[in-house]
Amino acid sequence: MELIAGIESRTSALKLAEPAPTRAHIEQIIKAGTRAPDHGRLRPWRFVVIEGDARKKLGGAMANILRAKMPDVQQAQLDAEAGKAMRAPTIIAVGAKISKTKIPEIEQVAAVAAAVQNMFLVANALGYGAMWKTGAVAYDRGAKELLGLAPEDHIVGLLYLGTTTTPGPRVEAPLEDVVRWLPVS
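Numbering-wise, numbering that gives the first Met the number 0 puts 139 at position 140 of the sequence shown, and it's gapless, one number per residue.
Rendered as C-alpha cells:
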C-alpha cells in the first residue's frame, strides 16, 4: 500500500476478530515502531505481545484496578472490564522506558507515540485492523509491573490487532479548524 493512501485510509477499528496477525507480521509491525523518530537515540519503546490466555492476565489486572477504585462494584462490571482484554486476538502493550538524560521525558514519550503510529500504518498495510486503547490500566503501577515496566515508565498504549469486523469512521479535522499560518510581519 502506498504511504499516502495508507494514511488517508487508516481508521481505528470498532470491532476485531480472528485471524490475528502472524508472528512474522507482528515482528514487522513492531520493527516499524522501532523506526520512529527518537531524539537522542534512546530507543525508549518497549513492546509486550499479549495473545491467547495471556490476555486473561491483562483482563484480570483491569478488573482489579476497577475493584480498587470501586470496592462495591458488581461482578458483571468486573467481568465486562476483564473482557476488554479479549476485544482482539492480539494486543501489543507499548511502553516508554524513561531514561534520566538530557532528553526531556515528554520527548521520550512522544517518540513512543510515533512508534505506535508507525505500527498502526504497517498493520493497516498488512490488512489488519487496529485500536489504540489506554484506560486506567495505562496508569496503574501493578499493570506496569506486569508488563515489565518501572513505576516511572509509561504505558503509552495498548495496540489491539486483528481482522476488522466493524470499521470505525474516518475522522478528519478540516484544516481551517486546526491550522494557523503565522504572518511574516
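Every residue gets a Cβ at the ideal spot worked out from N, C-alpha and C, and that includes glycine. Source: prediction; values computed, not measured.
Over the uninterrupted alpha helix (DSSP H) stretch that includes residue i, give me the two end residues.
i	result
M118	104-124
Q76	74-82
S184	Counting along the chain, S184 falls outside any alpha helix (DSSP H), and DSSP gives it neither H nor E.
Taking just the CA atoms, how far does residue j sit from residue i?
i	j	result
A60	E144	11 angstroms
L148	S184	48 angstroms
T133	L57	12 angstroms
S11	S98	31 angstroms
R54	A16	14 angstroms
V136	G156	10 angstroms
T100	Q73	45 angstroms
A113	P20	21 angstroms
Q107	H38	7 angstroms
A129	R179	31 angstroms
Specify, as a first and last residue, the run of the beta strand (DSSP E) that residue i falls within.
i	result
V30	Checking the sequence shown, residue 30 turns out to be Lys, not Val. Element bounds for K30: not the beta strand (DSSP E) but the alpha helix (DSSP H), 22-32.
G128	128-132
Which residues does DSSP pair with residue i in a beta bridge?
i	result
E50	T89
T165	K14
A95	W44, H153
Y159	I90, M130
* Would you say the segment 115-124 touches the segment 31-38, given that touching needs at least three Cβ pairs under 8 angstroms? -> Contact between the segment 115-124 and the segment 31-38 is present, because at least three Cβ pairs lie under 8 angstroms.
* Do the segment 76-90 and the segment 154-173 touch if we need at least three Cβ pairs shorter than 8 angstroms? -> yes
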